[in-house]
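Since the structure comes first, as structure tokens, the remarks are kept for the end.
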Amino acid sequence: MFKNKKAAILIKKKLSEIFNRELIYFPYRKLIIITKVIVNSDFSLAKIYISFFPKENQYNLIKIINNKSKYYKKILFKKLRFKFKKMPNIFFKIDKNFTNI
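Here the sequence shown is numbered in this note's numbering, starting from 322 and rising by one per residue.
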């Protein structure tokens, strides 16, 4: 359990950096907030909950981001290759519990 939480924290931190750097390339130019990362016990899947501000077109954006999930996995693995033997597959979901800023 400890390894999963540590992995989730590292993934959240590095993916936030990636999103900040690539924000200008996203359609609609939204603020992307990673609210939670959950990693399975066998490290096969990481569910990443995100929220957008403002919330318009968030379903279109989540589709775009999920289509690029292999790209993000590749970048994460390059940044975290000394921390993980295997990088979990990543799946993005909209965090509906997150309220506006």
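The C-beta atom is built at its ideal place from N, Cα and C for all residues, glycine as well.
For this session: Pull up the distance between the alpha-carbon of residue 401 and that of residue 332, whole angstroms please.
Result: 8 Å
For this session: Determine which residues share a DSSP beta bridge with residue 386 and list them.
Result: Beta-bridge pairing links residue 386 to no other residue.
For this session: Determine the direct distance from the alpha carbon of residue 381 to that of residue 350, and round the result to whole angstroms.
Result: 13 Å
Exercise. Alpha carbon to alpha carbon, what distance is there between residue 354 and residue 379?
Worked result: 12 Å
Exercise. Where does residue 340 sit, in a helix, a strand or coil, going by DSSP?
Worked result: helix
Problem set entry | First through last residue of the beta strand (DSSP E) which encompasses residue 374 | 366-374
For this session: Could you tell me if residue 336 is buried or exposed, where buried requires 16 or more neighbouring beta carbons within 10 angstroms of its beta carbon?
Result: buried
Exercise. CB-CB under 7 Å to residue 325, same chain, minus the five flanking residues each way: which ones, in chain order?
Worked result: 360, 362
Exercise. Between which two residues does the beta strand (DSSP E) carrying residue 412 extend?
Worked result: 410-415
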